[in-house]
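Asker: Residues 1 to 93, numbered by UniProt numbering, are exactly what the sequence shown covers, in order.
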Amino acid sequence: MIQNAEDTASQLKIIANPYRLMVLCALIEESKNVSELMSLTNAPQTLMSNHLAVLRKAGIIDYNRDHRTLNYYLKDPRMKTLLKTLYNIYCNI
């Protein structure tokens with residue numbers, strides 16, 4: 001039980017960033033490339049790359065390569081459930 005609590009706390013720390021939350025919410029329904037994510041969040045390329053790397057290292061997202069384009073998607077289905085719950089609570093006002 002302690003390990004589960006530590007893992008959960010670690011994941012919550014990682015997503016507790018406005019840019020990362022916007023990225024994750026954007027990926028709930030479909031994959032997006034870096035340009036699309038930059039446009040949705042108004043984040044510069046270097047900032048977006050850093051946030052994507054953090055999320056990928058944590059195993060929350062991954063990508064598929066389509067020639068030179070990386071399409072990011074939610075890898076962890078539990079995160080999709082969590083994000084939908086957060087969206088319903090905080091965004092459906």
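We put the beta carbon where it would ideally sit given N, CA and C, even for glycine. Here the structure is a predicted model, which means the values were calculated and not measured.
#1: For Y72, count neighbouring C-beta atoms within 10 Å of its own C-beta (all shown protein chains included) and say buried if the count is 16 or more, exposed if not.
#2: In whole angstroms, give me the CA-to-CA distance for K32 and A43.
#3: Under a Cβ-count criterion, where at least 16 other Cβ atoms within 10 Å of its own Cβ denotes burial, should R20 be classed as buried or exposed?
#4: Could you check whether the Cβ of K13 sits closer than 7 Å to any Cβ belonging to chain B?
#5: Between N17 and the ligand MG, is the CB less than 6 Å from at least one heavy atom?
#6: Does the beta-carbon distance from L24 to L83 come in below 7 Å?
#7: What residues in its chain sit with their C-beta under 8 Å from that of Q45, if we drop five residues either side in the sequence?
Answerer: Reading off the structure:
#1: Indexing the sequence shown from 1 puts residue 72 at position 72. By the 10 Å Cβ count, Y72 comes out buried.
#2: Locating residue 32 in the sequence shown gives position 32, where the first residue counts as 1. Locating residue 43 in the sequence shown gives position 43, where the first residue counts as 1. In a straight line, the C-alpha of K32 is about 14 Å away from that of A43.
#3: Looking up residue 20 in the sequence shown gives position 20. Label assigned to R20: buried.
#4: The structure shown contains no chain B, having only a single protein chain.
#5: Annotation note on the ligand MG: not contained in the displayed structure, which lists no ligands.
#6: On the sequence shown, position 24 is the one that residue 24 refers to. On the sequence shown, position 83 is the one that residue 83 refers to. Closer than 7 Å, so yes.
#7: The residue you call residue 45 lines up with position 45 of the sequence shown. Around Q45: V34, M38.
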